[in-house]
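Trainee: Starting off with a structure, shown below.
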Amino acid sequence: MKKFICVLIILLILVSCGGNAVENNTKKDESTAAIDTTAEELRDNVPAMTFGGEIINILENDRSNQNMVKSQIFSTGENGDLINDAIYRRNINIEDRFDIKLNVTLSTSAGTAVQRAVLADDDTYDLVNERIQDIKGVLSKNMLINLKTLPYVDFSMPWWDQRATKDFSIANKLFINISASDLTATQHTWLVSFNKVLMDDVQMEYPYQLVRDGKWTIDKFYSMIMEINPRDLDGDGIMNEKDFWGLGNEYYNTCVMLSGAGERMFRKDADDIPFVSMNTARAVDVLDKVFDIVLNKNITLTAQHYTKYTNSYYEVIYPAYMEDRMLFYMTGMHAITDFRDMASDFGIVPIPKFDELQDDYYNTMTIYGVMVQGVPITISNDKFEMMGAFLEVLACESYKTVVPAYYEVTLKNKILRDDESVEMLDIISKTRIFDLGYIYNWGGALDLYQTLTGKNSRDFVSEYMKIEARIITAMEKDIESIIGE
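Letter by letter, the sequence shown follows residues 989 to 1473 in the working numbering.
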């Protein structure tokens, strides 16, 4: 019964997550009120209409070579896979309802393809689903419409990610967003996985109660890593991929832990205009603690340090974790699905807070995996109404059918192995945040943290000052373009 209740909670908050996230570290954001919606009342407000067999042309990032949900919209038919079949049936229902046809093209360079089409004034594509990493060029060149101008789309509804809707906007304009049709937002939300066997060996308490009590902090995280005693197993005097580690890591995790501590590269003022917030006293204090962990080569196994391997994640980090040679692994939900055959039990918790005074947990995502939706500015006028109706119904129907299918797969395959981890996923989903620095990377803001980590350097302030003017210039250029658009 406990798991059943937790699952229901997750399904109701998955894409309406983030209502409690904040723009500062002391005051809760109450701008997004919870929507009281029962299962029987879950319906869109799009009126009855048909479009005479019109085709909606969708360009989507090709994920066919990835070991996770491979598409948000594309499906050629039912094949017994629960998620694929839910996507296919949803698509058929929408096509029948509006008398339309979905034409989905998969591309490994969807962002580039959209740029080419827009520059050529080509209206081939009506919708693009692309990774954040690869859609930045389209965004910076104002090649997408303001989604708030589409008819029928109601971003207050639970099938739209409430935090993304707020965090992605600039000057109250919204060019990309995440809906329930996009499972990658959950798959690539970052978390901390821990090995229960290793904790049991030293009689260490699982961190679930620490999370509940608001005491899951960077200091506690660090102390548990040290308590497990990372060490040289083969006695060669060098800590390498064959040894015993406290944390499995990658350069990106410096940014993840900074976000988890409630810091933002860019915040927004009362007019929804971004400003730089990287070089604050608190941010520097947070980075000092993060660097204590991620730069310590005696406790932290970092994927990028092992370039001799074809894929250091699968060939170095995964084996260490699955062979009980690593206590923690900071990664996305997508990696957890790879641990379904792991012999030892594991659990998941949010990214740790900075300290107990921090009001909530914050879990960001990776731009290298999360996909967003956008409508090219070349969309023909006669498709405008159809696109609004389609996106709203796509989001609503996904919320009711595809999202439950995804969680059914996740839970029935026992990827999450205890009720506490289901509870933690609830917390992680509700506290997901987005930072414009991840999306636009103005002046190399995002790159700075990863570069410092790669150089094993703690010299954030001086390195930041070298590029501060460049960051501000790049940000202001895009803001000016957006406001004048």
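Even glycine gets a Cβ: it sits at the ideal position worked out from N, Cα and C. Source: prediction; values computed, not measured.
Using 10 angstroms around the beta-carbon of serine 1169, count the other beta-carbons present and answer buried if the total reaches 16, otherwise exposed.
Mentor: In the sequence shown, residue 1169 corresponds to position 181, counting from 1. With 16 or more other Cβ atoms within 10 Å, it is buried.
Trainee: Cα separation between asparagine 1228 and serine 1450?
Mentor: Reading the sequence shown from its first residue, position 240 is the one you call residue 1228. Reading the sequence shown from its first residue, position 462 is the one you call residue 1450. Taking the straight line from one Cα to the other gives about 31 Å.
Trainee: Just confirm the distance between the C-beta atoms of leucine 1289 and valine 1272, as a whole number of angstroms; I'd bet it's less than 8 Å.
Mentor: What you label residue 1289 is simply residue 301 of the sequence shown in a count that begins at 1. What you label residue 1272 is simply residue 284 of the sequence shown in a count that begins at 1. Between leucine 1289 and valine 1272 a beta carbon distance of about 26 Å is seen, past the 8 Å cut, so the two are scored as non-contacting.
Trainee: I'd like the list of long-range same chain contacts for glutamate 1456, defined as Cβ closer than 6 Å, with 5 residues on each side in sequence excluded.
Mentor: Numbered from its first residue, the sequence shown carries residue 1456 at position 468. So the list is empty, once near-sequence residues are dropped.
Trainee: State the CB to CB distance for the pair leucine 1315 and glycine 1248, rounded to an integer number of angstroms; the pair is presumed to be in contact (CB under 8 Å).
Mentor: Position 327 of the sequence shown, counted from the start, is the residue given in the question as residue 1315. Position 260 of the sequence shown, counted from the start, is the residue given in the question as residue 1248. Their Cβ separation, rounded to whole angstroms, is 18 Å, which puts leucine 1315 and glycine 1248 out of contact at 8 Å.
Trainee: Could I get the ranges of all uninterrupted alpha helix (DSSP H) runs contained in the stretch 1390-1460, with 4 residues as the minimum, in chain order?
Mentor: 1391-1400, 1407-1418, 1424-1428 and 1433-1442
Trainee: Would you decide whether serine 1368 is buried or exposed? Buried here means 16 or more other CB atoms lie within 10 Å of its CB.
Mentor: For this step, residue 1368 is matched to residue 380 along the sequence shown. By the 10 Å Cβ count, serine 1368 comes out exposed.
Trainee: Roughly how many angstroms lie between the CA atoms of threonine 1366 and asparagine 1429, to the nearest whole one?
Mentor: As a position in the sequence shown, residue 1366 is number 378, starting the count at 1. As a position in the sequence shown, residue 1429 is number 441, starting the count at 1. Straight-line Cα distance between these residues: approximately 25 Å.
Trainee: Taking a contact to mean a Cβ-Cβ separation below 7 Å, would you say isoleucine 1421 touches tyrosine 1350 in this structure?
Mentor: In the sequence shown, counting from the first residue as 1, residue 1421 sits at position 433. In the sequence shown, counting from the first residue as 1, residue 1350 sits at position 362. At the C-beta level, isoleucine 1421 and tyrosine 1350 come within 7 Å of one another.
Trainee: For valine 1106, which three-state DSSP category applies?
Mentor: Along the sequence shown, read from residue 1 onward, the residue named residue 1106 stands at position 118. If DSSP states are grouped into helix, strand and coil, valine 1106 belongs with the helices.
Trainee: Leaving aside the five residues before and after glutamine 1292 along the sequence, list all residues of the same chain whose C-beta is less than 6 Å from its C-beta, in chain order.
Mentor: Counted from its first residue, the sequence shown places residue 1292 at position 304. So the list reads Tyr1239, once near-sequence residues are dropped.
Trainee: Any idea if arginine 1270 is buried or exposed, counting beta-carbon neighbours within 10 angstroms, 16 or more meaning buried?
Mentor: Mapped onto the sequence shown, residue 1270 falls at position 282. The residue in question, arginine 1270, is exposed, as its Cβ has fewer than 16 Cβ neighbours within 10 Å.
Trainee: Considering only C-alpha positions, which residue in the set Gly1099, Glu1066, Ile1403 and Gly1376 is nearest to tyrosine 1140?
Mentor: To locate residue 1140, count along the sequence shown from 1; it is residue 152. Nearest C-alpha to tyrosine 1140: Gly1376.
Trainee: Whole angstroms are fine: how far does the CA of asparagine 1079 sit from the CA of serine 1144?
Mentor: Position 156 of the sequence shown, counted from the first residue, corresponds to residue 1144. Position 91 of the sequence shown, counted from the first residue, corresponds to residue 1079. Each residue's CA atom was taken as its position, placing serine 1144 and asparagine 1079 some 23 Å apart.
Trainee: Residues in its own chain within less than 7 Å of serine 1409 by CB, not counting five upstream and five downstream?
Mentor: Stepping through the sequence shown from its first residue, residue 1409 is reached at position 421. Gly1335 and Ile1336.
Trainee: Can you list, in chain order, the residues of its chain whose CB lies under 7 Å from that of glutamate 1396, leaving out five sequence neighbours each side?
Mentor: Against the sequence shown, residue 1396 aligns to sequence position 408. Taken in chain order, the residues that qualify are Leu1070.
Trainee: Using a Cβ-Cβ cut-off of 8 Å (strictly less than) and excluding sequence neighbours within five positions of tyrosine 1294, which residues of its own chain qualify?
Mentor: As a working note, residue 1294 is residue 306 in the sequence shown. So the list reads Glu1229, Ser1300, Glu1303 and Val1304, once near-sequence residues are dropped.
Trainee: Report buried or exposed for glycine 1099, applying the criterion of at least 16 other Cβ atoms within 10 angstroms of its Cβ.
Mentor: Within the sequence shown, residue 1099 is the residue found at index 111, counting from 1. Answer is buried; the Cβ neighbour count reaches 16.
Trainee: What does the Cβ neighbour count give for glutamine 1489, buried or exposed, with the cut at 16 atoms within 10 Å?
Mentor: The structure shown does not extend to residue 1489, since the chain spans only 989 to 1473, so no value can be given for it.
Trainee: Is serine 1063 closer than 7 Å to asparagine 1072 when the C-beta atoms are compared?
Mentor: Taking the sequence shown and counting its residues from 1, the one referred to as residue 1072 is at position 84. Taking the sequence shown and counting its residues from 1, the one referred to as residue 1063 is at position 75. Against a cut-off of 7 Å, the Cβ pair of serine 1063 and asparagine 1072 comes out as a contact.
Trainee: Please give the ranges of any alpha helix (DSSP H) in the stretch 1163-1206, keeping only runs that are unbroken, at least 4 residues long and fully inside the region.
Mentor: 1172-1175, 1184-1189 and 1196-1200
Trainee: What would DSSP say about proline 1307, mapped onto helix, strand or coil?
Mentor: Taking the first residue of the sequence shown as 1, we reach residue 1307 at position 319. Helix, per DSSP.
Trainee: Figure out for me which residue from Lys1154, Met1192, Trp1204 and Glu1311 has the closest Cα to the Cα of glutamate 1215.
Mentor: Position 227 of the sequence shown, counted from the start, is the residue given in the question as residue 1215. Of the candidates Lys1154, Met1192, Trp1204 and Glu1311, the one whose C-alpha sits nearest the C-alpha of glutamate 1215 is Met1192.
Trainee: For methionine 1310, which residues from the same chain have a beta carbon less than 6 Å from its beta carbon, with the 5 sequence-adjacent residues on both sides left out?
Mentor: Counting from one through the sequence shown, the residue named residue 1310 turns up at place 322. In chain order, Met1330 place their CB closer than 6 Å to the CB of methionine 1310, counting only its own chain and leaving out the 5 sequence neighbours on each side.
Trainee: Identify whether glutamate 1118 lies in helix, strand or coil by the three-state DSSP scheme.
Mentor: Start at 1 with the first residue of the sequence shown, and residue 1118 comes out as number 130. Three-state DSSP puts glutamate 1118 in a strand.
Trainee: Nearest-angstrom Cα distance between glutamate 1118 and threonine 1096?
Mentor: Counting from 1 along the sequence shown, the entry for residue 1118 is found at position 130. Counting from 1 along the sequence shown, the entry for residue 1096 is found at position 108. Answer to the nearest angstrom: the Cα atoms are 9 Å apart.
Trainee: Whole angstroms are fine: how far does the CA of leucine 1179 sit from the CA of phenylalanine 1209?
Mentor: Your numbering for residue 1209 matches position 221 in the sequence shown. Your numbering for residue 1179 matches position 191 in the sequence shown. Going from the Cα of phenylalanine 1209 to the Cα of leucine 1179 covers about 13 Å.
Trainee: Check whether the stretch 1271-1285 touches the stretch 1442-1449, taking contact to mean three or more Cβ pairs, one atom from each stretch, closer than 8 Å.
Mentor: yes
Trainee: Run through the DSSP bridge pairs and tell me what glutamate 1048 is partnered with.
Mentor: Here residue 1048 is taken as the residue at index 60 of the sequence shown, counted from 1. Leu1094 and Asn1117, per the DSSP bridge assignment.
Trainee: Is the distance from the Cβ of isoleucine 1459 to the Cβ of valine 1244 below 7 Å?
Mentor: For the purposes of this step, residue 1459 is identified with residue 471 of the sequence shown, where counting begins at 1. For the purposes of this step, residue 1244 is identified with residue 256 of the sequence shown, where counting begins at 1. No, Cβ-Cβ distance for isoleucine 1459 and valine 1244 is not below 7 Å.
Trainee: Does the beta-carbon distance from isoleucine 1415 to isoleucine 1324 come in below 7 Å?
Mentor: Locating residue 1415 in the sequence shown gives position 427, where the first residue counts as 1. Locating residue 1324 in the sequence shown gives position 336, where the first residue counts as 1. Isoleucine 1415 places its beta carbon 7 Å or farther from that of isoleucine 1324.
Trainee: Just grab the DSSP bridge partners of tryptophan 1233 for me.
Mentor: Within the sequence shown, residue 1233 is the residue found at index 245, counting from 1. Paired residues: Met1314.
Trainee: With the cut-off set at 7 Å, would you say tryptophan 1204 and proline 1340 are in Cβ contact?
Mentor: Counting from 1 along the sequence shown, the entry for residue 1204 is found at position 216. Counting from 1 along the sequence shown, the entry for residue 1340 is found at position 352. Cβ atoms of tryptophan 1204 and proline 1340: closer than 7 Å.
Trainee: Who are the near neighbours of alanine 1433 in its chain, counting only those whose CB is closer than 7 Å to its CB and skipping five residues on each side?
Mentor: To locate residue 1433, count along the sequence shown from 1; it is residue 445. Excluding residues within five positions, the ones whose Cβ falls inside 7 Å are Met1253, Met1266, Gly1425 and Ile1459.
Trainee: Please state the DSSP three-state secondary structure of lysine 1016.
Mentor: Position 28 of the sequence shown holds residue 1016. Its pLDDT being 38, under 50, lysine 1016 is placed unreliably in this model, and the value from its coordinates should be taken loosely. Reduced to three states, the DSSP call for lysine 1016 is coil.
Trainee: CB glutamate 1380 to CB aspartate 1032, shorter than 7 Å?
Mentor: Position 392 of the sequence shown holds residue 1380. Position 44 of the sequence shown holds residue 1032. Yes, Cβ-Cβ distance for glutamate 1380 and aspartate 1032 is below 7 Å.
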